[in-house]
Structure formats: structure tokens, C-alpha cells
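Read top to bottom, the protein sequences are chains A and C. This note's numbering puts the first residue of the first sequence at 1, with every later residue one more than the last. This note's numbering puts the first residue of the second sequence at 1, with every later residue one more than the last. Ideal Cβ placement from N, Cα and C applies to all residues, glycine included. These notes are about the structure you will find just below.
2 protein chains.
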Amino acid sequence: MDGEASATTQRPTLAAVAALAGVSGSTASLAFSGAGPVSDSTRAKVLTAAQTLGYAGPDPRAQSLRRGRSGIIGIVIEERLQDAFRDPMSLAMLDGIADETGNAGAGLLLLSDIGGPQLDIRSAPMDAVILVGCSTRLDESVAVLRQRGMPVVAIEADDMPGVLSISLDNRDATARLARHLLDLGHESVAVVALPLDAAKEQQRLPANWDELATSHTTRDRLRGLRDVYPGFGGIVATRSSIDAGRAAGLELLEGADPPTAVVAQSDLLAMGVIRAAESLGIRVPEELSVVGFDGAQVDAMGSYDLTTVIQPAVEKGRAAGRAAVELVEGGSPTPMAFTSELHIGTTTAARSQPERSRAG
Amino acid sequence: MDGEASATTQRPTLAAVAALAGVSGSTASLAFSGAGPVSDSTRAKVLTAAQTLGYAGPDPRAQSLRRGRSGIIGIVIEERLQDAFRDPMSLAMLDGIADETGNAGAGLLLLSDIGGPQLDIRSAPMDAVILVGCSTRLDESVAVLRQRGMPVVAIEADDMPGVLSISLDNRDATARLARHLLDLGHESVAVVALPLDAAKEQQRLPANWDELATSHTTRDRLRGLRDVYPGFGGIVATRSSIDAGRAAGLELLEGADPPTAVVAQSDLLAMGVIRAAESLGIRVPEELSVVGFDGAQVDAMGSYDLTTVIQPAVEKGRAAGRAAVELVEGGSPTPMAFTSELHIGTTTAARSQPERSRAG
DNA sequence: CGCCATTATCGAATCGATTCGATAACGCCC
DNA sequence: GGGCGTTATCGAATCGATTCGATAATGGCG
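See the structure below:
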């Protein structure tokens, strides 16, 4: 007798099951995968043997080596998870992605491209990658992935060869918001911008933002604003949150020459700006118009109906997930461009008349 | 010549690199992994060959088969991602987990145990699993995982053999909150509970909640309240959110015989209850005391300083992540029990005198 | 000068399954 | 009853790396 198998905590292998069932390994495999003709009696024998041995099914590692697929799709997040997941838009997208990839039987592997000896894009066993919240510096990541022959989907990034892009009309949508403000007579407009790059300190928007920005989304939205208000200025917030918006709003509104309208680059930031205005006794929209971006249903929005553009975040995620799945299966999905929808709420109004200015 | 390799889009293998470099496969492997003595000149040759062929490093699939490790830790979420990620506590824990597993060089694979042909706990290539937001019905999941010989860490679950548990003093902390209310003279206390199970409809708390509840956290916290207020009743909210809290709060406060104090099972729910009170013209804390749970920094908390218990959510996640890593490495970490800290804010006050009741 | 301890390299086995081509068994029809 | 098309099963190759034990080359030391 060979009583050596039970000493270690080794799981039984398919070969062991086959041996016990008295069939060959190939037949046992067929019996499990159902990918071939197997008689009912044989299948039963195999299944019984598996039961006896406590065989939990084929080892996924061996399977993925043989099949050349792991069933895993990587998602690259550019920030700390906690930051990424606080943003309702990221969440919505993630949910869309999860929906599609889940339906296709794939799992989602979270990867961050920052720091650490982490399991990273060069060593993770995945079949495709989705880049979320893309910055322009992801070129390196893409290079690595291309070398690995890995299909890549990018959400809101520049077009890059070999990368399937899912885009949003950030520029145009912002321009539409700006034009709405222009129609209302606003001349002094300031932005509360999303971070330009990884450096997260609040600052005045530098004049050369177009060169500095590594975040596509931020840059494109700023461009949209510039299309309508060439000389606009503003503040760069530390992140997309109500608190960051309030801080930025305070700096804007308490400074010299406060604007009559603020373009916030997210609904959370917009809500923060409104808070800031409230705390300074500035009425919205009578004395200050505020617009956002996203169409997030911000809890705590109170009685305001924010003027904003509504982006199809879940759909964007869905599209990305679907594209990734198609790429894995050898298909060639087409890039998709999504458009946002202007929603005019109660936070914008015609510019108050100059004669109401105090002193003169 | 054998010009057949370039036709397909096949990635080069380590063997190809070794061949070009004129060394054996084993040596090439050593050169890459650094796990053995290799002369500098040989290493250089190998690296050059790799460069030439565009070799992107060892195939993770083959690696994980051979090594018996994939570097992936699975996280089982019991709800839709979107739901899970909306809860600040889940996020904080996730962040703690990600921190520790990331440092250990492991990636996080998101798994949901609901529906679909998903890559699931029986077929995902992972080294360990962390169960988050555990319900009592996860016994089946645990059975599957044990059969696979997979290390399992569970956060806030019953003790189960073979499962390393990370627990929180849900019951005791709730009892402390309740005692605080008792000290303030409150006799009529109602709960706004977290969902008892997957069914997500708002309902009156059934009398036999102790049997019905499949969520450990919900049940243990309810038990804590019962320890102090044996006959309490209340509402089961649809989820942990401000909106759900408001809805539940309205039902409680508009109903017959409204309570003088509400124990909400999360800070978000508590905030919702406060909102409900505000909209009904009921003053907090003068006419209604409200306590929460979690110690979440709820944006939009306004001027309230919520009485609650602060749980170390990030630390809980860290502990789970660390435990998972240790289990993978063959260690035997010990279970951990975390405790929450009572924070008395401005949302609780002594019960208003009965003579203030209207009519009689 | 010869022996032994290092150091660098190699060959072959191994991880655990899948899959292709071959073989054997079987019933069918003319 | 013999040839043929099915159906079930098997053997062996393969996926792409890692690693153990063996071998060859190198250097130090007595």
C-alpha cells in the first residue's frame, strides 16, 4: 500500500480521481467539463470517485495555463481605493463594468498603478485590462500591457494605438454648461477644477494648465470652459468631494473680485461650493450661479436642483466591460463615445444687476 | 529556416529567450527570478535576448501553476458592488484590506456570491478568501472553500471551524449606547435596523427577528439593544443610507406612539432619521434623541455631532488582510476582536418631561 | 601540484489540467 | 456477414514556467 498521500494536506488531483474511478485522466476531464462524449455510467463513476476523495473540481491555475485564459479582467485604478470608491461616478462605472464582466463569467481584479511591490499590471494573471480614471502618464502602463499582448480598454483617455477607448464628451458638455451661463449674462465665471494630477493640494488654477494637466477628464472639461470663456480662472480642488468643493468655494468667494458664476467640475464639488456660499450668506442662485458635472444623485443636496450635465456613467462602465469581454474572445469591438445631457435646475439664474454692488 | 513563429501573435516564451541567449531554460529562469547564482555576463545575455524578442517576463499563469500560488486574494461581497461600495464602512474596511494585501504583493479579486455564471469561489484562482459583510447563510460558501483547501478569513461572522474570524463588539457596543439612553431617562426607544437579510423592503421589525436575521451584524446589534430594552420595536430599513433612514424615520415618527429615542444601526441611517425629524418639526435632541453606529464622518452631517460608537473599520480591514496573507504563507494568525468606542455628541439629551405632551 | 569547496550551468522532472489523434467497441444496413 | 459510421475511451503531447540534483568549471590552500 502507498499510504503517503494523506500525510500532507494536498488536495486530490484529477489524476487521482481518474485512478480511483478506473478511467484515464482524459476521460475524467471530459466527465467534468462536459466537452466530449462520455457515457452516463462512466460519468457517474468519476463523480462518485470525486465525491469520495473530496475533489473540489479542476485546479483553476492549471486550467488557466492550459486554456490560456484566467477569466480575470484587471481594473487599474489610479488612486488609493478609498479615494476612487468615494466618487459616485467611479462607483457607477465600476458597477457597469462588474455587471457585464460578471455576466460573461469573468472576475474583476483591482490593481493600482501606484507604489508598492504589488501584484501589478506586469505580473497579474489576467485576460484583459480596463484603465479607469486615466491620466496621460499611462503611456508606460499601456506599453507594458502591449508587450504582454494584453487587450486594453481605456475610459476617457486619449486615443492610443492598440487601446480601445470609451470616451465622454467632456469638452463639449462643459461648453454647453458655459454657454448656458453666458446666456444668463454671466461674465465673471470661475472654475473649481478636479485635480490636474496626482499632487493633491488646493491651488489657484495655473495659467498653463493645458500643459500641466495629466488628467484627461480635468483637462478636457477645462478646454470646454475655455471655448466659451477664454480668460477664466479658478481653483484646483484636492479631490472630488463636498468638503474639497467647500474649501475651494470659500477661497473663490472670499477672494478679491468674486465670480457671479462657478463651474464646478463635479456635482460633489458644486454642492461644496453651494455650502460655501451659504456659509458666507451668498444666495444661490440669486447672487451666485453654480453648475456641476455628472448628474450624481448627491445625498444631502437638500432642496437644490443642481444645474449640471448628466453623464451615462453606468453605461460607460457597461460598454467598457463589454468591450473587454469581446476583446478577450477575439472580437474587435468599436470605440464608443458617450454624450452627456444638459440638465437645467434651480442653481443658475440671470446675473444680478450691477447696481446692486455695494459701494462704488 | 523555420519561419512559423511570427505568423501567430504568440508571445515569446522563456524557452525562446533562453535559446536565443544560448543558455538553458533553467538558467534563464534563474536570471529572471534572481533565485540562484547567475554570472553577470549570463544575466546580461538573457536580458538582451528578452529585449530582442520583446519578452515581457514569465507568464503569470504558468508561474502560479508551478508555484502553487497566484498572488490573488478573493474578496466576497454579498451584495451588488454598487451597494457594497456606497457604505463608508465597507469602503474603509476594503481600504484596510487593500493596504495590507497590497503591501504583501497580492491583488484583490472581487467576487460576489449572488447569481450569474460568474467566476466564483469554486473556480477562481486565488490563494485565500476574505468574506465581508457576512450573513449566516455563508456556511455553504465556507464548505466549498474548505473543500478547495482555501484559507478563509471572515469579518463579523459566527465562529466557524477552519475560518479565521475578525469580530466587532456589535452587541456590547449597542448595549452601551442603549444604556446611555436609559441613563437619560428614555423609556420609549425604537430601532432603525439594517436589513435582516437579502430581502430589501422596509418593514416593521418582526418579533422573531432573532431567528429571521441572516445578517450577523444586524442581529448582534439588535441583541445588544434587547439586553437593555427587552421590549423594543422598530423598523427595518432597506439599506444603510440617509434616504433609507429618512424613510424609516418618517414611518416611526409619524406612527402612533412615537419613541423619544431612536437607535439607528448606522450613522447614515441616524442622519436620515434626523432629517425625518427635521421635516416633521421635531427638534433633535430636545424632543428626540438619536444615536448611530460606525463613527463614519458623514458628509452633510451639518451642525450635528452624532452620538454613536466609533468602530475601527480600517483596522478591521487591515487585520483581515494581514490574516489572509499570513494564512497564505502558512502561518496561523489568531482571531481578532475589535471594540468600538462610545462617542457622546449633541444628538442625545434627557427625555423631555411628559407634561409637555399635547392633549391628555 | 593535487584535492576540495564553491560557483555557474544544465537536464529532466514537475505543477494539474486539456485536447488531439488514435484505437476499440458497437450497431446498422445492404 | 462484412464494411462503415458512431460513440466511448485512452495515451501522449502540451501549456510555460520552476526547481532539484548532477555536472563542469573555477579558485584556494596545504
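- Residue 76 of chain A is a Cβ neighbour of residue 111 of chain A, given a cutoff of 7 Å.
- Contact check for residue 21 of chain C and residue 62 of chain C: beta-carbon distance about 19 Å, past the 8 Å limit, so the pair fails to qualify.
- At a cut-off of 7 Å between C-beta atoms, residue 123 of chain C counts as an interface residue with respect to chain A.
- Here residue 310 of chain A carries a strand assignment [DSSP, helix/strand/coil].
- In this structure, the alpha-carbon of residue 84 of chain C lies about 22 Å from that of residue 164 of chain C.
- As a beta-bridge residue in DSSP terms, residue 191 of chain C pairs with C:234, C:263.
- Taking 7 Å as the cut-off, the Cβ atoms of residue 324 of chain A and residue 130 of chain A count as close.
- For residue 129 of chain C, no alpha helix (DSSP H) encloses it; the enclosing beta strand (DSSP E) starts and ends at 128 to 131.
- Per DSSP, the beta-bridge partners of residue 291 of chain A are A:263, A:307.
- In this structure, the beta-carbon distance from residue 142 of chain A to residue 121 of chain A does not fall below 7 Å.
- Annotation for residue 343 of chain A: 308, 310 place their beta carbon closer than 6 Å to its own, counting only its chain and skipping 5 residues before and after.
- Chain-ordered listing is empty here: chain C has no CB closer than 7 Å to the CB of residue 30 of chain A, the nearest sitting near 18 Å.
- Contact check between the region 229 to 237 of chain C and the region 190 to 208 of chain C: three or more CB pairs, one atom from each, fall below 8 Å, which counts as touching.
- The region 89 to 99 of chain A makes no contact with the region 37 to 54 of chain A: fewer than 3 CB pairs, one atom from each, lie closer than 8 Å.
- The C-beta distance from residue 123 of chain C to residue 57 of chain A rounds to 7 Å, short enough to meet the 8 Å contact threshold.
- Taking residue 150 of chain C as reference, the option from C:341, C:192, C:329 with the minimal CA-CA separation is C:329.
- Around residue 53 of chain A, no beta-carbon contact reaches into chain C at under 7 Å, the shortest distance being about 10 Å.
- Listed in chain order, the positions of the region 149 to 183 of chain A with a beta carbon within less than 7 Å of a beta carbon of chain C are 149.
- No Cβ of chain C is located within less than 7 Å of the beta carbon of residue 131 of chain A.
- Taking C-beta atoms under 8 Å as the contact rule, residue 86 of chain A and residue 91 of chain C qualify, at a distance of about 7 Å.
- By the rule that beta-carbons nearer than 7 Å mark a contact, residue 11 of chain A touches chain C.
- Residues of chain C whose Cβ lies closer than 8 Å to the Cβ of residue 330 of chain A do not exist, since the nearest Cβ in that chain is about 10 Å away.
- For residue 166 of chain A, the enclosing beta strand (DSSP E) stretches over residues 163 to 168.
- Counting along the chain, no beta strand (DSSP E) covers residue 57 of chain A, and no H or E run does either.
- Contact between residue 33 of chain C and residue 125 of chain A does not hold, since the beta-carbon distance rounds to 17 Å and is not under 8 Å.
- Restricting attention to C:335, C:223, C:351, the CA atom closest to the CA of residue 161 of chain C is found in C:335.
- Beta-bridge analysis with DSSP links residue 76 of chain A to A:111, A:131.
- Considering only beta carbons, no part of the region 14 to 47 of chain C lies closer than 7 Å to chain A.
- Within the same chain, Cβ atoms closer than 6 Å to the Cβ of residue 219 of chain C are found at 213, the five residues on either side in sequence being excluded.
- For residue 239 of chain A, the closest Cβ of chain C is not nearer than 7 Å.
- In the structure shown, residue 141 of chain A falls within a helical segment according to DSSP collapsed to helix, strand and coil.
- From the beta-carbon of residue 252 of chain A, no residue of chain C is found nearer than 7 Å; the closest lies around 20 Å away.
- In the structure shown, the three-state DSSP call for residue 343 of chain C is strand.
- Cβ-Cβ distances below 8 Å link residue 348 of chain A to 180, 181, 184, 261, 285, 289, 290, 291, 307 in the same chain, with the five nearest sequence neighbours on each side left out; the list follows chain order.
- Comparing alpha-carbon positions, the option among A:154, A:177, A:176 lying closest to residue 166 of chain A turns out to be A:154.
- Listed along chain A are 54, 56, each with a C-beta nearer than 7 Å to that of residue 147 of chain C.
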